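What follows is a single structure, written as structure tokens, with notes after it.
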Amino acid sequence: MFGAVVVGIGTAGWVRIRDMLAPLPGSPAEKLNVKGFISRRSLDTQQGVSQISLEEAMSREDIHAAFICTENASHEDYVRSFLQSGKHVCVEYPMTMSYKAAAELWDFAQEKGVILHEEHIELLTEDFKELKKEVEGKILQEGTLHFTGGVLKPGFGFQAFSGIARLTWLVELFGELSVTAATMEEDSGTNYSKLTAKLLTSDNRPLTWVEERGPGLPRAKNINFQFDSCTLTQIPPAPRGAVGIFMQDLIQFSAKLAGQVSPEELQREKTRILHCLQLAERIQQLCQS
Ligand code: NAD
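If you read the sequence shown in this note's numbering, its first letter stands for residue 938, the second for the next number, and so on.
Have a look at this one:
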């Protein structure tokens, strides 16, 4: 069994506790046992789980893993502290707000001999799985992914990082990318922002990523992918999966803890995550220069 703690009781932290209390039967997630949660607030028990201090979580021998579910700006410090204490870490995306920090944390995890896992539930949705099937085997000419959503709370960071899930979709669909241009429109008075990044596939096919946020904007992803054979303008509708996306991620993390994931798969994931963070950083630099 692996004892675990959840850090940060927001939406994601609450779901992590729920899923560990009722793991998918027969899955490696049954090996996780939630021992407590950590919060900067003083809270009552959550779903029957008690609050413990960060120091206690880091020193207890029956706690082997931590879920970092706080706002993005604080991920790096929590991840580093738990790795330092020899604990496995599952961090909600994005792991850090810079490529360099993520690369360092990965080296540190390796040095400590523990698992570092970044959650990517956007790859586990039925919508994405259908889209990936549709795209497979087609030759891209050019494409756009336009995301809209409401305003994020403070601490979620620059849009290329808070929106890393969209970048991850593009990389999973079309392979490694490079950034050719990026701009940011912002109106602090109305809390509106629009990031536009111009990307290129390794075959020099252009992709545009737009990340637009503002009060009242619906959460939506619009696509326009032009292939040699057809154009996709809609994410193929897919029925909800039988297993929730956070539960699927919990199963992936626990499978890693149980040594059930091959080194090749771990390496493939690490390469993708670091590549996406590198793209996010380049986009930020171009927007701010
Ligand atoms: P959230 O805003 O619900 O919580 C974020 C942080 O704010 C947590 O540390 C929480 O303890 C704190 N918080 C929440 N309510 C508070 C309050 N009333 N007073 C003081 N502090 C409070 O954010 P979230 O959606 O849980 O996101 C956490 C992390 O998970 C982020 O890194 C995000 O990118 C990631 N994530 C979330 C989802 C999701 O569906 N919610 C999906 C993928 C990744």
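Ideal Cβ positions, reconstructed from N, Cα and C, are used throughout, including at glycine.
Here the structure is a predicted model, which is why all the values come from computation and not from measurement.
Contacting residues, own chain, Cβ-Cβ under 7 angstroms from residue i (five flanking each side not counted)
i	result
T1007	V944, G945, Y1015
T1124	A quick correction: the sequence has Asp, not Thr, at residue 1124. Excluding residues within five positions, none has a Cβ falling inside 7 angstroms.
E1067	P1173, A1175
D1064	I1172, A1175
M938	K968, N970
F1164	K1075, I1076, L1077, Q1078
F1111	L1077, T1138, L1144
F1093	E1008, N1009, S1099
I954	V943, V971, F974, Q983, Q984, V986
Spatial neighbours of residue i in its chain, beta-carbon cut-off 8 angstroms, leaving aside the 5 residues before and after
i	result
G1087	R1150, G1151, P1152, G1153, L1154, R1156
R934	With the chain covering only 938 through 1226, there is no way to say anything about residue 934.
A1097	L1104, A1119, L1132, A1134, E1148, L1216, A1217, E1218, I1220, Q1221, C1224
T1127	G1151, P1152
G985	L958
A1046	L1020, V1026, I1052, L1053
R1209	T1105, V1108, E1109
T982	Q988
S990	I975
D956	A966, G1181, F1183, M1184, L1187
Candidates the options: closest to residue i by CA position
i	options	result
M1184	A966, G950, A941, V942	A966
G1196	A994, K1090, H1025	H1025
V1147	Q1221, K1135, I954	K1135
V971	L958, I1160, G963, T982	L958
H1212	F1019, S1022, Y1036	Y1036
K1193	T982, G973, T1138, A1002	A1002
L1061	I1188, L969, E992, G1100	I1188
L1214	G1100, I1058, R955	G1100
G940	G973, V952, A1102, G1080	G973
G1181	Q1204, P960, G950	P960
T1033	T948, E1056, S976	E1056
T1170	R1142, F1095, V1072, S1226	V1072
V952	R1205, D1186, L1203	D1186
D1140	E1122, T1168, E1113	E1113
Residue i - containing alpha helix (DSSP H), residue span
i	result
V1016	1012 to 1021
T948	948 to 958
C1224	1200 to 1225
I975	That residue, I975, is in no alpha helix (DSSP H); its beta strand (DSSP E) goes 969 to 975.
A1179	Premise fails: A1179 is in no alpha helix (DSSP H) and is neither H nor E.
L991	991 to 996
Endpoints, the beta strand (DSSP E) within which residue i is located
i	result
D1124	1114 to 1124
L1136	1129 to 1138
G940	939 to 944
C1027	1025 to 1028
Q1163	1157 to 1164
V986	Neither: V986 is in no beta strand (DSSP E) and is coded neither H nor E.
E1148	1143 to 1150
A1003	1002 to 1005
Residues near residue i by beta carbon distance below 6 angstroms, same chain, minus five either side
i	result
H1083	V1147, N1159
M995	S1022
S1115	L1137
S1191	P965, A966, K968, L969
A949	C1006, E1029
L1042	V1016
Heavy atom of ligand 3 within 8 angstroms of residue i beta-carbon
i	result
P1155	As far as ligands go, the structure on display features ligand 1 and does not contain ligand 3.
**Message:** What ranges does the beta strand (DSSP E) occupy inside the segment 1037 to 1062, keeping only unbroken runs of at least 3 residues that lie completely in it?
**Reply:** 1053 to 1055
**Asked** Considering only residues of the segment 1066 to 1101, which uninterrupted beta strand (DSSP E) runs meet the minimum length of 3 residues and lie entirely inside it, listed in chain order?
**Response** 1077 to 1086
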